[in-house]
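Inspection log for the structure reproduced underneath, given as structure tokens.
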Amino acid sequence: MAVTFPIATNLDYALEPTVTPAPPTGPLTTLGPIFLSDGQPWRYKGVSAFSLCHRFRNGESIDGFLSDYAGFNVLRVWDYTNADDGWGDDAWESCPPEVWADFIAYVNGRGFYVEVTLLTDDDPARIAPARTLLNALAQTGGAIVVEIGNEPLTHKQIDVAALQSDAAQSGLRYSSGVY
Numbered sequence: 645m646a647v648t649f650p651i652a653t654n655l656d657y658a659l660e661p662t663v664t665p666a667p668p669t670g671p672l673t674t675l676g677p678i679f680l681s682d683g684q685p686w687r688y689k690g691v692s693a694f695s696l697c698h699r700f701r702n703g704e705s706i707d708g709f710l711s712d713y714a715g716f717n718v719l720r721v722w723d724y725t726n727a728d729d730g731w732g733d734d735a736w737e738s739c740p741p742e743v744w745a746d747f748i749a750y751v752n753g754r755g756f757y758v759e760v761t762l763l764t765d766d767d768p769a770r771i772a773p774a775r776t777l778l779n780a781l782a783q784t785g786g787a788i789v790v791e792i793g794n795e796p797l798t799h800k801q802i803d804v805a806a807l808q809s810d811a812a813q814s815g816l817r818y819s820s821g822v823y
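Residue numbers (my numbering): 645 to 823.
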């Protein structure tokens, strides 16, 4: 049902209700610079949802967030944040792979792909757990895109090369994070 608002120039504008996209059915493919989903052109409409898996792990309902962003099709979610990088008491630690699998299944079922950012700081101790998570994500069969590092060269030096071959071998669509 459209809602119209008359304006002084006697033109009407109609606001159409937002349609939640159909749930993803599998990994994205590419045709040159074009993303494809089930062989059809697909547009990335993402929203930053950095702590959403963490909130899911803690038993918080995320349905309100998902409803607020109906019409978007990608949730950009971070594995962890570091208190020393400005997150302070709002920082969170990595979720176990089984939580990620449950989270991905949950949000995929509601029409969202998940872009998982593996590294948010340049602590080399984070590389091995990121590799473990990447391997687990590849086993989920979910609709996932991976970003190795968040802004790896902006005020930090995230070693995205350390995970590049793992990302390539995972079979998942990925970005290094270097734009």
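Cβ atoms here follow ideal geometry from the backbone N, Cα and C, with glycine treated the same way. As the structure is a prediction and not an experimental result, all values here were calculated from the model.
Beta bridge counterpart(s) of residue i as assigned by DSSP
i, result
"Tyr818", "Val790"
"Thr784", "DSSP, once it has assigned bridges, lists no residue as partnering Thr784."
"Trp722", "Thr761"
"Trp686", "Phe679"
"Val691", "Leu719"
"Thr674", "Phe679"
"Ala714", "Phe716"
Spatial neighbours of residue i in its chain, beta-carbon cut-off 8 Å, leaving aside the 5 residues before and after
i, result
"Asn794", "Trp722, Thr761, Leu763, Thr764, Ile802 and Gly821"
"Ser687", "First, the residue type needs correcting, since residue 687 is Arg and not Ser in the sequence shown. Correct list, in chain order: Phe679 and Asn717."
Distance, residue j Cα to residue i Cα
i, j, result
"Leu778", "Ala806", "12 Å"
"Leu816", "Glu759", "11 Å"
"Gln813", "Asp712", "35 Å"
"Gly708", "Ile678", "31 Å"
"Gly703", "Val743", "11 Å"
"Gly676", "Gly732", "41 Å"
"Ser695", "Asp734", "9 Å"
"Asp729", "Phe700", "23 Å"
"Thr776", "Thr674", "26 Å"
Close beta carbons around residue i, own chain, < 6 Å, minus the five adjacent residues each side
i, result
"Arg754", "Leu710"
"Ser705", "none"
Proximity below 9 Å, CB of residue i to CB of residue j
i, j, result
"Ala787", "Phe747", "no"
"Lys689", "Asn726", "no"
"Arg720", "Val751", "no"
"Ala780", "Ala745", "yes"
"Val621", "Leu680", "Summary: the structure shown does not reach residue 621, with the chain confined to residues 645 through 823, and so no result is reported for it."
"Pro768", "Ser738", "no"
Same chain only: Cβ atoms within 7 Å of residue i, ignoring 5 sequence neighbours per side
i, result
"Leu797", "Val822"
"Ala652", "The predicted model places Ala652 with a pLDDT of 49, which falls under 50 and marks its position as unreliable, so this point remains unresolved."
"His698", "Trp736 and Cys739"
"Arg770", "Leu763"
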